[in-house]
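> If you read the sequences in order, they're chains A and B. Its first residue numbered 90, the first sequence is counted upward by one per residue in our numbering. Its first residue numbered 144, the second sequence is counted upward by one per residue in our numbering. Note that CB positions come from ideal geometry on N, CA and C, so glycine has one too.
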Amino acid sequence: MKVLANNHGEMTDLELVRKCQKGDENSFRLLYQRYQHKVRATLYQLCGSELLDDLQQEVFLKTWKALPKLREAKYFSTWLYRICWNVASDHSLARKRDHHRQVAQTDLVKQKSRNHHQTDLLQLHYQELIQSALQNLNLEHRAVVVLHDLEDMPQKEVAEILSIPLGTVKSRLFTARKSLRQFLELQGVNL
Amino acid sequence: MKKTTSNEDEELVDFLKTYCPTTPKETKPCEELIMRVIATPLTYSSHKARFRSSLRFLSWGWLLPSTLITSLLIISAYVFNVNQKSSPQIATKTEDLETFMVKSWYGSMAQEIEFQYVTTVGDENN
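#1: Got a sec: is the Cβ-Cβ distance from A/L239 to anything in chain B below 8 Å?
#2: Using only the alpha-carbon positions, how far apart do B/Y187 and A/L228 sit?
#3: Anything in chain A within Cβ reach of B/T170, meaning under 8 Å, just list it in chain order.
#4: From this set, B/T210, B/T166, B/L216, which residue's C-alpha is nearest A/D142's C-alpha?
#5: Using the Cβ count rule (16 or more neighbours within 10 Å means buried), how would you classify B/P172?
#6: Starting from B/T166, find everything on chain A with Cβ-Cβ shorter than 7 Å and list it in chain order.
#7: Can you find at least 3 beta carbon pairs, one from the stretch 120-134 of chain A and one from the stretch 235-242 of chain A, that sit closer than 8 Å?
#8: Indicate whether A/T167 and A/I253 have their beta-carbon atoms separated by less than 8 Å.
#9: Start and end of the alpha helix (DSSP H) containing B/K236?
#10: May I have the straight-line CA-CA distance separating A/E246 from A/L236, to the nearest angstrom?
#11: A/S116 touches chain B at which residues, Cβ-Cβ below 8 Å?
#12: Using DSSP with H/G/I as helix, E/B as strand and the rest coil, what is A/Y164?
#13: Classify A/T152: buried if its beta carbon has 16 or more other beta carbons within 10 angstroms, exposed otherwise.
#14: So, under 8 Å CB-CB, A/L156 and A/C109 are touching, yes? Tell me the CB distance rounded to an integer number of Å.
#15: Kindly list the residues whose CB is nearer than 8 Å to the CB of A/D102, restricted to its own chain and excluding five residues on each side of it in sequence; keep chain order.
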């Protein structure tokens, strides 16, 4: 199933989306392969490692179901990130209801970090710090940092994905960065 | 408000990017699972769910027209009833009508004669 015609690889998102809208599953597989790393990374930064596989699948299944309704096919990536954001928001709401899970998740991250003996300890320490610093932010502020600073998206696109004004993106980014800096300084990281 | 492109911000963003936690690898074959779900034709349960939802739609879909029809019937019946009451009744049997008119005419004449009789007798007595 992974073997596809060569010309599929050169196809633009727009062409692939049009084919998917006609029910072409192979085109959807290509879109999946194109975006799954970014979607997974974003979901991981927003929601952590708990249920990451399930959330990733949920994003792409929702995408496939909603594709026939997508009118502006050229904005596929923005639309995909919006679905990603919606899934992350829903997950966050569900997790708030079950606080014990959150505690278990942070324990799991710490345990995993401890298990990586072979990699650099300092690197692991910083990774853990950033993970904690991001988790310390609320979801709205975290999303702006993840999309803009880590995924290198323009502020305008972030505003479209989160359905908020550009000014709100800027103010959230300012607040989030300030909070991150303070958190890191408290942990002994001087930037 | 500080500008977001300041040196401090750049340093922070660089630090975040450098030490950003690596995304854990998939524990399930997500791609294959998704493609399998997409390729799976509608199962019995999903058919059943669709049938149920269509039934639900039908029941709700019929509610509005049936309410409209019932209310229209009630209103038209009311209007018809009001019209029936207010419209003048025309006699169909002309013979009966003539008899009634003659009777009432003579009746009134008799009352008048009686009255005149009473008044004239009274005057004569005076």
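On the basis of the coordinates in this document:
#1: Counted from its first residue, the first sequence places residue 239 of chain A at position 150. Closer than 8 Å to some Cβ of chain B, the Cβ of A/L239 qualifies, so yes.
#2: Mapped onto the second sequence, residue 187 of chain B falls at position 44. Mapped onto the first sequence, residue 228 of chain A falls at position 139. Low per-residue confidence applies at B/Y187: pLDDT is 47, beneath 50, and the placement is therefore not dependable, though the value from the model is reported in the following sentence. Rounded to the nearest angstrom, the two C-alpha atoms are 39 Å apart.
#3: To locate residue 170 of chain B, count along the second sequence from 1; it is residue 27. In chain order: D142.
#4: Numbered from 1 along the first sequence, position 53 holds the residue referred to as residue 142 of chain A. Checking every option, the nearest Cα to that of A/D142 belongs to B/T166.
#5: Indexing the second sequence from 1 puts residue 172 of chain B at position 29. It counts as exposed.
#6: What you label residue 166 of chain B is simply residue 23 of the second sequence in a count that begins at 1. The answer, in chain order, is R129, A130, Y133.
#7: Look at the beta carbons and you see the stretch 120-134 of chain A touching the stretch 235-242 of chain A: at least three pairs across the two are nearer than 8 Å.
#8: Taking the first residue of the first sequence as position 1, residue 167 of chain A is located at position 78. Taking the first residue of the first sequence as position 1, residue 253 of chain A is located at position 164. Going by C-beta atoms, A/T167 is not nearer than 8 Å to A/I253.
#9: Along the second sequence, one-based indexing puts residue 236 of chain B at 93. B/K236 -> no alpha helix (DSSP H), and no H or E assigned at all.
#10: Residue mapping note: residue 246 of chain A aligns to position 157 of the first sequence, counting from 1. Residue mapping note: residue 236 of chain A aligns to position 147 of the first sequence, counting from 1. Between A/E246 and A/L236, the C-alpha separation is close to 9 Å.
#11: Translated into the one-based positions of the first sequence, residue 116 of chain A becomes position 27. Residues of chain B passing the Cβ test: none, with the nearest at roughly 11 Å.
#12: The residue given as residue 164 of chain A occupies position 75 in the first sequence. DSSP places A/Y164 in helix when its eight states are reduced to three.
#13: Start at 1 with the first residue of the first sequence, and residue 152 of chain A comes out as number 63. With 16 or more Cβ atoms within 10 Å of its Cβ, A/T152 is classed as buried.
#14: The count along the first sequence starts at 1 and reaches residue 156 of chain A at position 67. The count along the first sequence starts at 1 and reaches residue 109 of chain A at position 20. Approximately 5 Å separates the beta-carbon atoms of A/L156 and A/C109; this is inside 8 Å, confirming the contact.
#15: In the first sequence, the residue the question calls residue 102 of chain A occupies position 13. Closer than 8 Å at Cβ, skipping near neighbours: L120, R123, A162, K163, F165, S166.
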